[in-house]
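Report on the following structure.
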């Protein structure tokens, strides 16, 4: 009788260990895969920090960059998790010539699949030059990009 009890107890302990091991392996995979996806867009973390530090400045930059009003900004921000997601939704809409609402819908339905999958669903090839440029960075806080645009054709010997 005691032997059966101990045998059952050992089986339970082994099963608990298997479950724990499976859970730990699953979590490791999840963390690793998230890091790989985030690694493609290294600029997003810094972007979110800047935007969260100055929300009104961020809204102004979005309005100026994408030529949209407050109501459109509110719609986007209300439907995404982070400021960089708002930028990406607007940028992907611009790149794909899709209305913002359509991009938001695809963003929400494909949550967790990554920006490459969203871009592909909008007709933007993940290997295209457009997409590689997006992976390399953004143009909202990029001072180099802004200064290039401002200086083109200005003061180059013509007076």
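Numbering (the working numbering), first residue to last: 118 to 276. Positions of the beta carbon are idealized from the N, C-alpha and C atoms, including for glycine.
To the nearest angstrom, how far is the alpha carbon of residue i from that of residue j?
{"i": "residue 166", "j": "residue 197", "result": "16 Å"}
{"i": "residue 176", "j": "residue 134", "result": "50 Å"}
{"i": "residue 191", "j": "residue 244", "result": "31 Å"}
{"i": "residue 228", "j": "residue 214", "result": "21 Å"}
{"i": "residue 161", "j": "residue 184", "result": "22 Å"}
{"i": "residue 240", "j": "residue 252", "result": "16 Å"}
{"i": "residue 234", "j": "residue 173", "result": "30 Å"}
{"i": "residue 208", "j": "residue 221", "result": "12 Å"}
{"i": "residue 163", "j": "residue 242", "result": "25 Å"}
{"i": "residue 156", "j": "residue 232", "result": "Its pLDDT being 48, under 50, residue 156 is placed unreliably in this model, and the coordinates cannot settle the point."}
{"i": "residue 238", "j": "residue 223", "result": "8 Å"}
{"i": "residue 218", "j": "residue 186", "result": "15 Å"}
{"i": "residue 182", "j": "residue 212", "result": "13 Å"}
{"i": "residue 265", "j": "residue 230", "result": "No answer about residue 265 holds up, because its pLDDT of 38 lies below 50 and its placement is not dependable."}
{"i": "residue 129", "j": "residue 170", "result": "51 Å"}
With 16 as the cutoff for other CB atoms within 10 Å, does residue i come out buried or exposed?
{"i": "residue 131", "result": "exposed"}
{"i": "residue 127", "result": "exposed"}
{"i": "residue 255", "result": "buried"}
{"i": "residue 250", "result": "exposed"}
{"i": "residue 159", "result": "exposed"}
Does the distance from the CB of residue i to the CB of residue j come in under 8 Å?
{"i": "residue 236", "j": "residue 200", "result": "no"}
Which same chain residues end up closer than 8 Å to residue i when comparing Cβ atoms and leaving out the 5 residues on each side of it in sequence?
{"i": "residue 225", "result": "196"}
{"i": "residue 216", "result": "210"}
{"i": "residue 180", "result": "186, 187, 190"}
Excluding the five sequence neighbours on either side, which residues of its own chain have a C-beta within less than 6 Å of the C-beta of residue i, listed in chain order?
{"i": "residue 178", "result": "257"}
{"i": "residue 203", "result": "193, 194, 197"}
{"i": "residue 121", "result": "none"}
{"i": "residue 124", "result": "none"}
Below 7 Å CB to CB, which residues in the same chain sit around residue i once its five sequence neighbours on both sides are set aside?
{"i": "residue 205", "result": "232"}
{"i": "residue 247", "result": "212, 241"}
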